[in-house]
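Okay, structure first, notes after.
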Amino acid sequence: MKIAVVALGKIGLPLAVQFADKGHQVIGVDVNPKVVDLVNQAIEPFPGEAHLQDKLSQLVPAGRLTATTDYAQAVPGAQAVVVVVPLFVNNDTWEPEFGWMEAATREIAANLQPGTLVSYETTLPVGTTRRRWKPLLEELSGLTEGQDFDLVFSPERVLTGRVLADLAAYPKLVGGLSGRGAARAVEFYQAVLDFNPREDLPRPNGVWDLGSAEAAEMAKLAETTFRDVNIALANQYARFAQRQGIDVYQVIEACNSQPYSHIHLPGIAVGGHCIPVYPRLYLWGDPDATVVRTARQANMAMPAYAVTMAAGAAGGSLAGLRVVVLGASYRGKVKETAFSGVFDVVKELQEAGAVALVHDPMFSAEELAGHGFTAYQLGEPADVAIVQADHPEYAQLSPGDLPGIKVLVDGRNTTNPQAWPGVQRLVIGQG
Numbered sequence: 001m002k003i004a005v006v007a008l009g010k011i012g013l014p015l016a017v018q019f020a021d022k023g024h025q026v027i028g029v030d031v032n033p034k035v036v037d038l039v040n041q042a043i044e045p046f047p048g049e050a051h052l053q054d055k056l057s058q059l060v061p062a063g064r065l066t067a068t069t070d071y072a073q074a075v076p077g078a079q080a081v082v083v084v085v086p087l088f089v090n091n092d093t094w095e096p097e098f099g100w101m102e103a104a105t106r107e108i109a110a111n112l113q114p115g116t117l118v119s120y121e122t123t124l125p126v127g128t129t130r131r132r133w134k135p136l137l138e139e140l141s142g143l144t145e146g147q148d149f150d151l152v153f154s155p156e157r158v159l160t161g162r163v164l165a166d167l168a169a170y171p172k173l174v175g176g177l178s179g180r181g182a183a184r185a186v187e188f189y190q191a192v193l194d195f196n197p198r199e200d201l202p203r204p205n206g207v208w209d210l211g212s213a214e215a216a217e218m219a220k221l222a223e224t225t226f227r228d229v230n231i232a233l234a235n236q237y238a239r240f241a242q243r244q245g246i247d248v249y250q251v252i253e254a255c256n257s258q259p260y261s262h263i264h265l266p267g268i269a270v271g272g273h274c275i276p277v278y279p280r281l282y283l284w285g286d287p288d289a290t291v292v293r294t295a296r297q298a299n300m301a302m303p304a305y306a307v308t309m310a311a312g313a314a315g316g317s318l319a320g321l322r323v324v325v326l327g328a329s330y331r332g333k334v335k336e337t338a339f340s341g342v343f344d345v346v347k348e349l350q351e352a353g354a355v356a357l358v359h360d361p362m363f364s365a366e367e368l369a370g371h372g373f374t375a376y377q378l379g380e381p382a383d384v385a386i387v388q389a390d391h392p393e394y395a396q397l398s399p400g401d402l403p404g405i406k407v408l409v410d411g412r413n414t415t416n417p418q419a420w421p422g423v424q425r426l427v428i429g430q431g
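Here the numbering used here is used: the first residue of the sequence shown is 1, the next is one more, and so on.
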């Protein structure tokens, strides 16, 4: 097949590589000329994705994968167009911002030809595929969905850093607007993906037709929103345990020894492109979901809670103190700041009058400055430190790395408690 992949980001490019590796002719479209140039040179545009560089080095010289900024080069003649364009959410109103996706959809429609399967993989509010993208594609292309072309929703279910492995690990969910479209989507994804055997699943691992685009849209929102709600519950348990002098980690470990308990771990923040965002997309369609809304608000309050812990341990005030935030990334081993807790932690520290500094082993001082942070180098004086990301390097830290430190708030329970003699070491959820 000829396959067009729209948006060569941290999900789209590995997806394009997977399709090409299965023997198909893939052309990727991206609005960023630098990304396109790097892909055409067989150079990965972003670091940290397992096996991506090796695959690019094989597939691009072989002519199996190319990239362009021109939809007219990619969409015409493609049997399938897979859309992985980012969808953003307004941080104040929690409303989805469809601008980038709408622009891409207009370009796809302008070049759409009969017989094409269009699959949206970007996570969407329930009903978006049918009510927003179908009318737009039909209006601008002059074609009729279900007759001239087919439209489906098939959510990506992978984590950056391990996309290629995750594609084989989890069932591929599809939902069509018609039976014909769903059948085409099942056939397409069976031809471009491999699946690992899974004895734990109720049916064989592979492509699962959920019966409608709406069901597939909801499945992605539900599985991710579950994680946000579960983390919020763990954070509520942690705050209560701390007041009671209880170690919540022991409590959670004990609870999860029973097969019907699956409590997640507490922490200073929930970041990334997915978990903080998708509950808001769910709420856009179901504004009465009070459990989802309360959980999201509870998790958003954790950076302020960690700063309050630090202030209490420092004698009630952080004014004038040098406070180091350890970790700009939203999680360990990932060079990505999307919705990272670092932004709220720094904001809270500045409002408390502290001198807020940021360290991250994956970012240069210039890169941190680009995010508006004052970079900190290990070995410089510090009064207080707050662990925001669980980078492996932080498990090896000791007071000698932060001369003068008196208080450590470990928001991820990643540091070694024996390594901090003479320092008040506090962990969220440990009384």
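Every residue gets a Cβ at the ideal spot worked out from N, C-alpha and C, and that includes glycine.
I'd like to check one pair, residue j with residue i: are the Cβ atoms closer than 7 Å?
i      : j      : result
LEU173 : PRO155 : yes
LYS10  : THR160 : yes
ARG227 : VAL89  : no
VAL248 : ALA241 : yes
VAL29  : ILE3   : no
ILE405 : ALA419 : no
GLY411 : ILE268 : yes
LEU321 : VAL384 : yes
PHE188 : ALA80  : yes
VAL186 : VAL207 : yes
ALA365 : VAL323 : no
VAL5   : VAL82  : yes
ALA216 : PRO266 : no
ALA20  : VAL85  : no
TYR394 : LEU326 : yes
SER178 : GLY142 : no
So for residue i, helix, strand or coil by DSSP?
i      : result
ASP150 : strand
THR414 : coil
GLU187 : helix
LYS2   : strand
PRO377 : Checking the sequence shown, residue 377 turns out to be Gln, not Pro. Three-state result, GLN377: coil.
GLN388 : coil
GLU121 : coil
LEU321 : coil
LEU357 : strand
ALA80  : strand
ASP288 : coil
LEU201 : coil
ASP166 : helix
ASP247 : strand
GLN258 : coil
GLN236 : helix
PHE226 : helix
LEU13  : helix
THR337 : coil
GLN113 : coil
ARG293 : helix
GLU102 : helix
How many Å lie between residue i and residue j at the Cα?
i      : j      : result
GLY422 : LEU349 : 23 Å
LEU13  : ALA314 : 47 Å
VAL292 : ASN230 : 10 Å
GLN72  : ALA78  : Per the sequence shown, the amino acid found at residue 72 is Ala instead of Gln. If you take the alpha carbons of ALA72 and ALA78, they lie about 11 Å apart.
ARG243 : HIS264 : 20 Å
ALA319 : SER329 : 25 Å
VAL163 : LEU38  : 19 Å
ARG425 : GLN396 : 15 Å
VAL407 : MET362 : 24 Å
ALA213 : TYR376 : 48 Å
THR116 : THR225 : 32 Å
PRO61  : VAL31  : 22 Å
ASP166 : GLY316 : 46 Å
LEU402 : GLU102 : 48 Å
GLY176 : PRO287 : 25 Å
GLN236 : ILE252 : 12 Å
LEU201 : GLN258 : 20 Å
ALA306 : ARG239 : 10 Å
ILE108 : GLU199 : 39 Å
Looking at the strands, I want to know which residues DSSP matches up with residue i.
i      : result
TRP208 : LEU173
ALA310 : DSSP lists no partner for ALA310.
ILE27  : ALA4 and THR66
PHE88  : GLU97
ARG425 : LEU408
GLU145 : PHE149
LEU326 : HIS359 and VAL387
GLN430 : ASP247
Kindly say whether residue i, judged by its beta-carbon, lies nearer than 7 Å to any beta-carbon of chain D.
i      : result
GLY316 : Chain labels in this structure do not include chain D; a single protein chain is all it has.
*Report yes or no: do the region 383-397 and the region 336-349 share at least 3 C-beta pairs separated by less than 8 Å?*
As far as the Cβ criterion goes, the region 383-397 touches the region 336-349, which means the pair count is three or higher.
*Please determine if the region 286-300 and the region 330-338 are in contact, where contact requires at least 3 C-beta pairs separated by less than 8 Å.*
These segments do not touch.
*Decide if the region 143-151 is in contact with the region 37-53; the criterion is three or more beta carbon pairs, one per stretch, under 8 Å apart.*
Output reads no: the region 37-53 does not touch the region 143-151.
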